[in-house]
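Each remark here refers to the structure printed beneath this line.
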Amino acid sequence: MLSRVRGKWSYLAIAALLLFLVIIPFKWFLGQYTVILIFIGIHTMVTVGLCLLMGYTGQISLGQAAFYGLGAYFSAVLTKTHGFNPWLAMLVAALATGGFAYAIGFPIFRLRGNYLALATLGLGIIMAVLFRELDQFTGGPTGITGIPYLSIGGFTFDSPFRRYFLVWFFCLAVLLVSQNIVRSRTGRALRAVHGSESAAESVGINVAQFKVKVFVLSAVYASLAGSLYAHHITYVNPSPFGFLFSVMVVVMAVVGGLASVWGAIFGAATVRILSDEILLRFGEWDVIVYGLILVLVMVFMPRGLFVALKEAYERWRLTHRQRGAEA
Amino acid sequence: MSPEQFVDNLISGVAQGSVYALVGLGFTIIYTVTRIINFAQGEFVMLGGVFSFLLFSSVGLPLPLALLLAVLAATVVGAVLYLLAIRPARQASVISLIIITIGASTFIRGVVGQIWGKDYMPPLPHFSGDNQWLWIIGITLVVMVALHLFFSRTMMGKALKACSINRQAASLVGIDARSMAFTSFALAAALGAIGGAVITPLTAPHFRMGLTLGLKGFVAAAVGDFRSQVGTVVGGVILGIAEAMVVVLDWGPFASAYKDVIAMLVLLLVLFFRSSRGAAQEAAS
Amino acid sequence: MKHWLSLLLVAVLVAAVVPVVGCSESETIKIGALFDVTGPNSPLGTPEKQVVEMMETQINDAGGINGVPIEVIVYDTEGKEDSCVSLATRLIEQDGVVAIIGPSSTGESLAVIDTVDKAQIPMVSCAADERITIPVGDSIWVFKTPQTTYMAVQEIYSYIQDQGITKIAIMTDTKGFGAGGKKDLEDEASNYGLTIVSNQSYDNEETTNWDPFISKIENSGAEAVVCWGTNPGPALIAKALDGTGIPFFGSHGIANTKFIEVAGDAAEGVIFPVGKMLVADQLPDSDPQKAVLLQLKSDYEALYGEGTCNTFAGHAYDALKMVQMAVEEVAPDKETLTEELKDRKAFAAKIRTEIENIEGFAGTGGVFNMSPDDHCGLSKGCMVVVKIVNGEWVWLQD
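Residue numbers (our numbering), protein chains in the order written: chain A, 5 to 331; chain B, 12 to 296; chain C, 3 to 400.
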């Protein structure tokens, strides 16, 4: 997106954006939204993985909550029950979740057809039940409390203010990594795959392998997000990691726009703010309003919010240019 | 467990599965005609159940009439959903349309919860005598026969089938894709509502009941690859039987709490088996 | 054209979403409430919200607490843990509350503990699980009003034992309330000479086919079924059991008219443990809870309809009452109160201390005696055993 903005203006824009992000949690600015923004950051990480998966391989996953939950539970169990260092636990969680995704990804992607939807749906359901039933490990339906905070040396992330920066650091890192993937040879290949699998294969791209890699990556992102969640709320239980969350991630991805990695922030922010604020304004009518707005947004902006904004900006620039030329 | 009990449980599983099959057929029909996976399918089931109860209990209609009108009402909702939310989004990609159905499902659920309350409603009386399961199986069979006749004998049905096979070719011979889509939504709503109506004597209607039943129907449809009606029915019945058998066997790790896990695993296995056979056939040809 | 429409839509969305900047300086006592009004536990959250709103009006009509009006800010959590956390933060930082009532469920309560603990705002939860307040050391800022599950289990087991029953089948909801019940049912069984011959759990929202469960129970030789969960599961199970001759014992999760409605004829003869609210008019006049219960029932039902008052409203009533009592202890007159309101944090800490000091408070759930070691405050005897006869609840005195 920033390639559109010319030269030094792009650096200014980036700096302004970063400055904006940095000052948000301060009380004199938008401090009261710190907690919401932490969640937006966490959700964005999960959404980016799905954007890559859906946008570049054309397949839909209905089970991202499983990986998100695995990350959260691994972190919770390893740090609370076994006293692991939280960073180590997070790493182990990401590796384990990624490995798991790899193991199930291969059989799924080798088969033709749209089996990812059902397989991930099943995965999500199975994991949700396991989180609930394996209570010797997971604490059952009431979960695990008292998860320690993350810390570096003596500096503990024990306040929302501090965790805001932690979460957004990870979030931006994930976004940049993803953007690099998108621009790279692999990325172009990914886009090719979505276009036509047989054409991509004919130029030597191993389609199944790419799909698995993207799938694994989305799992790792979700796992990291889950770990951050665990160290933020310091409590995990099965209920945030169910089917409804998986659906919400899909909604976030689509509302944001599947074609762009940065759209994930838009999608996550919009859905989050929309549902929170609507809840406050409309009380009992919240679900009704939420559903209505979702329908309207998709009807009028079918390619997602981010794309719609970009197009509007382009249009504005074009007319502006024309007027400039005529003058 | 006595053989008699076992058979009884088997029947209940088959009947439960029939309901899933009906819901699943709704998914399949909409998908084959429009390529949309309608996440609001579960809400049609819920409307069938809730409206049946309301018409019977609050309005006081005789049971058969209440059921019929409930299904009709749900069908109307399905048609309206298509007209107001799907048709206007003409240029949208399939995935966006799917999100629209998600929004619609949330909306419908919210409206029902707001108007008729968020609490559970009492079950309807059994249609007759004691065994509601037999009624469910019976009605499902009738519906399936009717569907078969519809698709093979009527003009509308054949047009729908043509559309599902090849949309472009169908429009070339003058079949209007939009009215086909409209019909598919109405039909799917009717099927879902029938499923909701017949299960009502055994469950407490509730504004959220569509969530679970929709999910189970989705799984059934997925077994049929969203394309095969037979596959959908088979998928639904297998799911129903698996769920019942898990509870019956209750053996170690297969305890009743894991009912959903086992059922999903069984289905996934069926799927892998079927599709790897299909892939092998493809490779062989 | 369409693109400008999109832009307009976005602008409208943004405008609708930007909240009005609230002011935190105020002459009212702000109390926050987090209830699940529209989510899976809305049968709990709705009465909780309603009773709290009713009490706010009552208190303010009487001039507030010691002359200062109260403001109860209720947020709907939809049963989601992360919404609960954000809303708790909002209550504390934006709305400036001095105490929080709720949340409605165990999961949400456990999720918010860290937030209220760090912010040092007292919270009185309306959820039952013992982990919320045990160990107290996890957070001295958290209290709860509902009876702890094991109290109900002991009560019903005691009754079952008295009937000469030794073999029972248990059916428990897989979620929080049922799972907690399962553990206590398993742990306490031998203390009452009971053997669990069939132990099944069911998914409350998803199960529609109860037949296999019933077959297992019939084959196990159980003399009774003890079911731990909230509607609709127990009602549908009671219905399915009807005709098998096996008696059905429930938990306090079925302490509402909805159970009777859904179970229909099968509700007849069902026995379960519950707080005294359901049989308030049958209590002896000497019972300190009787007057409180009858008053609440009549006030609530005058506003919301006959037969609507239930134990969940009672738990929220107890919670808000305790906060009110604590405030009155901290500041017995208007001047002190106005002074206290200036330093919210210190005020909140004092309220916490006073809640902990509550003794002999006859609430709806029982007679509360809080202490630094016990943030639930109830003990055996707070629950009674009740039987459904002709659609009414009858107290079974022992």
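Ideal placement from N, C-alpha and C gives every residue a C-beta, glycine not left out.
At a cut-off of 8 Å, is residue i close to the ligand PLP when judged by its beta-carbon and the heavy atoms of the ligand?
i, result
"K347/C", "Although the ligand PLP was asked about, the structure shown includes no ligands whatsoever."
Between residue i and residue j, which are expected to be in contact by the criterion C-beta below 8 Å, what is the C-beta distance as a whole number of angstroms?
i, j, result
"G228/B", "G37/B", "7 Å"
"A123/A", "F247/A", "With 8 Å as the limit, A123/A and F247/A do not qualify as a contact, their Cβ atoms being about 14 Å apart."
"G104/C", "K32/C", "About 15 Å separates the two Cβ atoms, so there is no contact after all."
"G308/A", "G260/A", "5 Å"
"G34/C", "I102/C", "4 Å"
"G109/C", "E83/C", "6 Å"
"Y239/A", "L93/C", "Not a contact, Cβ separation roughly 18 Å."
"V272/C", "A240/C", "6 Å"
"D290/A", "T40/C", "6 Å"
"I297/A", "Q125/B", "Incorrect: roughly 16 Å between the Cβ atoms, too far for contact."
"T117/C", "V144/C", "Not really, about 11 Å apart at Cβ, beyond 8 Å."
Would you mind sorting residue i into buried or exposed? The rule is 16 or more other CB atoms within 10 Å of its CB.
i, result
"H324/A", "exposed"
"Y15/A", "exposed"
"L322/A", "exposed"
"E341/C", "exposed"
"E80/C", "buried"
"F437/C", "Lying outside 3 to 400, the shown extent of chain C, residue 437/C is not represented and no answer is given."
"S7/A", "Because S7/A sits at a pLDDT of 49, beneath the cut-off of 50, its placement in the model cannot be relied upon, and the following sentence gives the value as read from the coordinates. So S7/A counts as exposed."
"A268/C", "buried"
"W320/A", "exposed"
"N392/C", "exposed"
"M166/B", "exposed"
"F159/A", "exposed"
"D375/C", "exposed"
"C25/C", "A caution first: C25/C carries a pLDDT of 40, below 50, which makes its placement in the model unreliable, though a value can still be read off. Burial call: exposed."
"R354/C", "buried"
"I27/A", "exposed"
"L295/C", "buried"
Return yes when the Cβ of residue j is within less than 9 Å of the Cβ of residue i, no when it is not.
i, j, result
"S182/B", "K172/B", "no"
"V126/C", "L339/C", "no"
"C55/A", "S264/A", "yes"
"P71/C", "R219/B", "no"
"V228/C", "A171/C", "yes"
"V299/A", "M305/A", "no"
"G225/B", "V56/B", "yes"
"P275/C", "V386/C", "yes"
"V241/B", "I150/B", "no"
"A215/B", "Y131/B", "yes"
"T151/C", "G195/C", "no"
"K215/A", "G109/A", "yes"
"A26/B", "G59/B", "no"
"I256/C", "N233/C", "yes"
"I249/B", "V281/B", "yes"
"E188/C", "N201/C", "yes"
"S65/A", "S250/A", "yes"
"G69/C", "D335/C", "yes"
"S63/B", "A77/B", "yes"
"G383/C", "G316/C", "no"
"V275/A", "M302/A", "no"
"D213/C", "A255/B", "yes"
"F138/B", "L74/B", "yes"
"I106/B", "L262/A", "yes"
What residues are listed by DSSP as bridge partners for residue i?
i, result
"E394/C", "V391/C"
"E73/C", "K32/C"
"G277/C", "M385/C"
"S127/C", "K146/C"
"D175/C", "Y204/C"
With three or more beta-carbon pairs closer than 8 Å as the criterion, would you say the stretch 355-369 of chain C touches the stretch 320-329 of chain C?
yes
Count the C-beta pairs between the stretch 36-47 of chain A and the stretch 97-112 of chain A that are closer than 8 Å, then say yes if the count reaches three, no if not.
no
Answer yes if the stretch 114-123 of chain B comes into contact with the stretch 243-251 of chain C, meaning at least three C-beta pairs across the two stretches below 8 Å, and no otherwise.
no
Does the contact criterion of 3 or more C-beta pairs under 8 Å hold for the stretch 186-197 of chain B versus the stretch 33-51 of chain B?
yes
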